[in-house]
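Written out below as structure tokens is the structure these notes cover.
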Amino acid sequence: MLVNGIEMLQKAKAGHYAVGQFNINNLEWTKAVLLTAEELKAPVILGVSEGAGKYMGGFSTVQAMVAAMDKELKISVPVCTHLDHGTYEGAYKCIKAGFTSIMFDGSHYAIDENIAKTKELTNAAHHLGMSIEAEVGGIGGTEDGVTSNGELADPEECKKIADLGVDMLAAGIGNIHGKYPADWKGLNFDVLAKVQEKTGLMPLVLHGGSGIPDEMIKKAITLGVSKINVNTECQLSFAAATRKYIEAGKDLEGKGFDPRKLLAPGFEAIRQTVRDKINLFGSAGKA
Ligand code: 13P
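Counting from 1, position 37 in the sequence shown corresponds to residue 39 in this note's numbering; the numbering is continuous, with no gaps.
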């Protein structure tokens with residue numbers, strides 16, 4: 003069932019769990035995430051970066067694929083199609099393509115410009131019944147070619163953006179996209195606590211969800227994180243399972259080269275990663 007992210011995230015905030023955002027890359031990814039969310043009766047968000055949208059043939063293609071798959075596979079849990087780290091132009095493209103939710107990442111602009119653009123896009127999204135995520139501070143590392151040094155969010159700025167009426171807020175708290183370096187200092191819970199204090203009932207978003215120790219994830223949820231984004235861990239598990247299949251020479255046995263066979267171990271590996279994360283985030287059975 004395609005919906006915006008508003009109700010699922012408000013329920014998560016009130017119920018002290020987090021909804022998983024799993025970034026999708028192709029049809030297999032989409033099917034793996036949808037079937038696993040349905041299996042666990044969990045609400046779910048499909049994240050689509052601008053690069054992944056382009057790769058899959060454009061945002062309209064993605065939206066049409068998800069909508070058709072949702073219907074054909076009889077997915078009953080709430081599913082949200084969400085632009086990840088959108089630019090101003092990308093956000094409008096997703097609005098036009100019929101996504102149910104967008105993220106506008108204006109964190110690299112000066113705060114006044116971030117506020118002005120976020121405000122305009124919030125009005126545009128809400129007018130069409132879509133939800134919107136905004137960002138303050140930077141998420142470190144590189145996500146689909148977008149690099150940031152990872153700036154800690156200023157809680158006062160978070161309040162200003164939250165007061166615009168956005169539906170979810172991503173705040174930089176030392177989190178990083180991609181693999182965490184060995185000398186990573188961990189999440190900054192002092193900043194997270196201050197952001198939560200200033201923004202009240204606003205569902206907070208934790209980007210860079212791959213590779214964060216379980217205990218830190220659980221603590222972040224107690225401090226108001228209601229949405230957690232995972233991309234790299236699904237990619238790593240897909241790649242490892244595919245490598246194992248090929249290195250075992252399975253693609254050379256019989257019809258093992260058939261893409262339905264070749265991609266099956268990777269598909270199952272994505273499902274297991276999504277299953278583990280949904281259980282960790284506490285969103286199983288919350289649909
Ligand atoms: P990871 O790739 O580190 O899981 O981050 C995903 C993310 O935050 C998408 O916005």
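Built from N, CA and C at the ideal position, the CB exists for glycine as well.
Nothing here was measured: the structure is a model prediction, and the numbers come from that model.
| Query | Result |
| --- | --- |
| Ordered along the chain, which non-local residues of its own chain (more than five positions away) have a Cβ less than 6 Å from that of GLY210? | ILE141, ASN177, ILE178 and HIS179 |
| So, with DSSP's three-state summary, where would you put VAL276? | helix |
| Going by CA-CA distance only, name the one from GLU74, GLY258, GLY17 and THR144 that's closest to GLU40. | GLU74 |
| Please tell me whether ASP72 and LEU123 are closer than 8 Å, where the distance is taken between their beta carbons. | no |
| Would MET3 pass as a contact of ILE104 if the rule is Cβ separation under 8 Å? | no |
| Which residues share a DSSP beta bridge with ILE77? | In the DSSP output, where bridge partners are listed per residue, ILE77 has none listed. |
| Quick test of the definition: if touching needs 3 or more C-beta pairs under 8 Å, does the region 250-260 touch the region 216-228? | no |
| Per DSSP, what kind of secondary structure is LEU282 in: helix, strand or coil? | helix |
| To which residues of the same chain is THR38 closer than 6 Å at the C-beta, ignoring the five residues directly before and after it? | ARG273, VAL276 and ARG277 |
| Regarding THR234 and the ligand 13P, is the C-beta to nearest heavy atom distance less than 7 Å? | yes |
| Would you mind giving the Cβ-Cβ distance between PRO45 and LYS288, rounded to the nearest angstrom? I have them listed as a contact below 8 Å. | 6 Å |
| Please list, in chain order, all residues of the same chain as THR198 whose beta carbon is under 6 Å from its beta carbon, the five residues on each side excluded. | In the sequence under discussion, the amino acid at residue 198 is Gln, which differs from the Thr named in the question. Counting only Cβ-Cβ distances below 6 Å, and skipping sequence neighbours, we find LEU225 and GLY226. |
| Identify, in the order they occur along the chain, each residue of the same chain with its Cβ nearer than 8 Å to the Cβ of LYS121, setting aside the five sequence neighbours on each side. | LEU166 |
| Looking at the unbroken beta strand (DSSP E) that takes in VAL207, where does it start and where does it end? | 206-208 |
| Counting pairs of beta carbons, one from the region 229-247 and one from the region 18-31, are three or more of them closer than 8 Å? | yes |
| Grouping DSSP H, G and I as helix and E and B as strand, with all else coil, what is PHE106? | strand |
| Below 7 Å, is the gap between the Cβ of GLY142 and the nearest heavy atom of the ligand 13P? | no |
| On the premise that TYR182 lies in contact with GLY152, defined as a C-beta separation below 8 Å, what is that separation, rounded to the nearest angstrom? | Wrong, their Cβ atoms sit about 11 Å apart, outside the cutoff. |
| The ligand 13P and ASN27: does any heavy atom of the ligand fall closer than 7 Å to the residue's C-beta? | no |
| Note down, in chain order, each residue of its chain lying with its Cβ closer than 8 Å to the Cβ of ALA242, except the 5 sequence neighbours on either side. | ALA271 |
| What span of residues does the alpha helix (DSSP H) with ALA118 cover, start to end? | 113-129 |
| Using three-state DSSP, classify LEU194 as helix, strand or coil. | helix |
| Taking its Cβ as the centre, do 16 or more other Cβ atoms sit within 10 Å of LYS187, making it buried, or is it exposed? | exposed |
| Please state whether the Cβ-Cβ distance between LYS161 and THR201 is less than 8 Å. | yes |
| Would you kindly check if the distance between the Cβ of GLU137 and the Cβ of GLY92 is under 8 Å? | no |
| Looking at VAL81: is its Cβ nearer than 8 Å to the Cβ of LEU48? | yes |
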